[in-house]
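Right, one structure below, let's go through it.
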Ligand code: FUC
């Protein structure tokens, strides 16, 4: 059936969309018992200062983080022989001597990797409260309300009722813990701070507990300070060694601050100053300021799928039902908004980007140092930022990647003899950029380059030309210049190829049955380079500058080896057909061009079928086993416009890779899957990568009705969509920049002009 679009000028949409309904829907994670372990605690964060709230009744634990508590410091990891061996390795690769080339690259090109825990992100510490005389717990509830960004713990005992509220305030730079005993009951507890290990110093002065320390490795790292300031109503306060003892209070407010010297200041002075600033405000002011700050960003997007939830069961039970095969659209609403919540809480302008655990790490040695892996993980953290209307949350990524350029230039010059800047598979707050560790992860120049696409996308969504001119184009150009020098001609084909390189982090079998990782011209490299060159060419045109440079890039694109489809119909991962060492590998790098790239976008062209075969093959061999890998697959199927498959993989993510507090698990906890799946859910409802706004491209049949409001599309649009019985019923597009609007729904394409600020409404 051909669908005709009726442009209407009334507010029919607002009625048919049942907008009130999504506001009413609960966006709460809640539980009927305290967290038994860290992965059950509930996360709070103001971008910089994070907390995990356990909600214990006898002992409350609040583990807290400050984003810059890092050990180590900048060190040179460049292998001094690298440049000398570069051409030798390339020659061997062109001759097909993969295993030999790999061995030489390992020894002569790769720099040292430090084993875990030496240069690492760390917990700042824990705040404990041990309660006395509360009586036996009779009813209990703890929750995290995504709409308010507050964690609540409420319980009653035979002695009375107790409430706790915790939030991390952006405007006031402290974690606020508000406790109250209702009726006749009183608060009696002792409170103290500590940290795993023994590197800290704790002392009590008046109503302050002060903890200072040095997070270090071989004498380098960050000095940190945290202050807990206790304000009580009623009762008495006493000191016992490094503990504060509160007796018979009606209400207690604890303000908790944390700072490091990472940015150059004095940690203790700053932490004390935060307390001074915050204690001048009463709890109502503190709450209101945090609420406004959070809701200003959070409330931009609403999602409602099917009928409102009537289940009203704890989140862990809800998850368990889904793990047993039940369908639960409310869990998807919650998971989607949780992803947005986590990004707002872990990545705010002026700070560091969300790391492998966002902001939340309870240990001194978190997995992979909770660093910044840039062969997918850091990028995935930011996949939802633009489409789910959180553009400003991506600012820390831009500052961070810009900050890689300085050392990236040295790496480009010393390792490769090239201009431009380069960064490899991983880095950290000390911003190393050289190839380190094993070849099958480290021998890969694309990490920083991939990140530059986020700069372009920021322009694509916001149309911010100043950003394009001052931030995006300069870094994209510097990345592109590197490849002008780095690409070499393959003597066997005459085409330009990258290398020595890998397809992260897979290996292949050579003809002699040995395994090797490095090669010349893996598919992903060229997909990223083509995209980068394309972004530079488009930017030069928009900015009306650098025509000659853009022309040279066009010539390079023409000579760059294209992706290929193999005899079995799958896209080749490497430049020649090779058998995968790990056929179910979690990375599906050769599908970069499907997502997040857009080179494979036309539903009718053969790449799509070939991409599907890649996914099927990977899945058939156990792929998608990490949360982030599964999240990537959801995005792939959304781009393939296969709502059922996208949904099936979302269910699998809940079933296999989701912890009780809805944190994604690698395992263990790693936050990228939360963000990747949030982007995937948005991508099922709205896409905008091929020059048009595609509405409901991958709607699964089980989401029979619903609406989403406030998503963003490339070209500068805000989009609301409503559907019933699987069909679009209403659409609102707000044109933010006045660009022409092209909409696709099914086979129908509709175009019209718009003015900046104008809203177009359709009903069907
Ligand atoms: C990438 C992945 C691993 C892990 C690590 C942090 O290198 O291949 O699975 O997610 O990053």
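Residue numbers (the working numbering): 386 to 1149.
All C-beta atoms in this analysis are idealised placements derived from N, C-alpha and C, irrespective of residue type, glycine included.
If you're wondering where the values come from, they're calculated on a predicted model, not measured in any experiment.
- Taking the Cβ of residue 742 as the reference point, every heavy atom of ligand 1 lies at 7 angstroms or farther away.
- In this structure the stretch 1039–1052 does not lie against the stretch 1087–1102, because fewer than three pairs of beta carbons, one per stretch, are closer than 8 angstroms.
- CA-to-CA, the gap between residue 454 and residue 753 works out to about 15 angstroms.
- C-alpha of residue 1133 to C-alpha of residue 1081: approximately 12 angstroms in a straight line.
- Pairing residue 1064 with residue 772 gives a Cβ-Cβ distance under 8 angstroms.
- Taking 8 angstroms as the cut-off, the Cβ atoms of residue 1039 and residue 1078 do not count as close.
- Per DSSP, residue 910 lies in no beta strand (DSSP E); the unbroken alpha helix (DSSP H) holding it starts and ends at 908–928.
- Within 7 angstroms of the C-beta of residue 1055 there is at least one heavy atom belonging to ligand 1.
- If you check the C-beta of residue 890 against ligand 1, you find a heavy atom less than 7 angstroms away.
- Your pair residue 770 and residue 853 does not check out as a contact, with CB atoms roughly 17 angstroms apart and the cut at 8 angstroms.
- About 11 angstroms separates the CB atoms of residue 556 and residue 672; that is not less than 8 angstroms, and the two are not in contact.
- If you compare the alpha carbons of 929, 887, 787, 480 with that of residue 861, the shortest gap goes to 787.
- Taking 8 angstroms as the cut-off, the beta carbon of residue 875 is found no closer than this to the beta carbon of residue 828.
- Ligand 1 never approaches residue 766 closely enough for any of its heavy atoms to be under 7 angstroms from the residue's Cβ.
- Looking at the DSSP output, residue 449 sits in a beta bridge with 436, 510.
- Counting every other CB atom within 10 Å of its CB across the protein chains shown gives residue 682 a total of 16 or more, marking it as buried.
- Ligand 1 approaches residue 762 closely enough that one of its heavy atoms is under 7 angstroms from the residue's Cβ.
- In this structure, residue 581 and residue 508 form a Cβ contact; the two beta carbons are roughly 7 angstroms apart against a cut-off of 8 angstroms.
- In the structure shown, residue 836 adopts helical secondary structure according to DSSP, grouped into three states.
- Straight-line measurement puts the Cα of residue 527 at about 7 angstroms from the Cα of residue 418.
- By the beta-carbon neighbour count (other beta carbons within 10 angstroms, threshold 16), residue 677 is exposed.
- Residue 519 sits in coil when the DSSP states are folded into three classes, being neither helix nor strand.
- Restricting attention to alpha helix (DSSP H) runs no shorter than 4 residues, the stretch 1043–1113 encloses them at 1057–1070, ordered along the chain.
- Excluding five sequence positions before and after residue 762, the CB atoms of its chain that fall closer than 7 angstroms to its own CB belong to 741, 1013, 1057, given in chain order.
- In this structure, 489 is the residue among 465, 466, 489 with its C-alpha nearest to the C-alpha of residue 476.
- About 6 angstroms separates the beta carbons of residue 1003 and residue 973, which is inside the 8 angstroms limit, making them a contact pair.
- The residue among 1140, 1108, 1122 with its C-alpha nearest the C-alpha of residue 1130 is 1108.
- Per the C-alpha coordinates, the member of 959, 922, 952, 955 positioned closest to residue 941 is 922.
- Distances from the alpha-carbon of residue 841 to those of 645, 1099, 1010, 597 put 1099 closest.
- Shown here, residue 1034 sits in a helix according to DSSP, grouped into three states.
- Within the DSSP secondary-structure output, residue 964 pairs in a beta bridge with 894.
- Here residue 416 is bridged, per DSSP, to 527.
- The Cβ atoms of residue 450 and residue 733 lie no closer than 8 angstroms to each other.
- Within 10 angstroms of the beta-carbon of residue 745 lie 16 or more other beta-carbons, which makes it buried.
- The way I'd put it, the stretch 597–614 does touch the stretch 653–664; three or more beta-carbon pairs between them come closer than 8 angstroms.
- When the five nearest sequence neighbours on each side are left out, the beta carbons in the same chain lying within less than 6 angstroms of the beta carbon of residue 1029 are those of 1085, in order along the chain.
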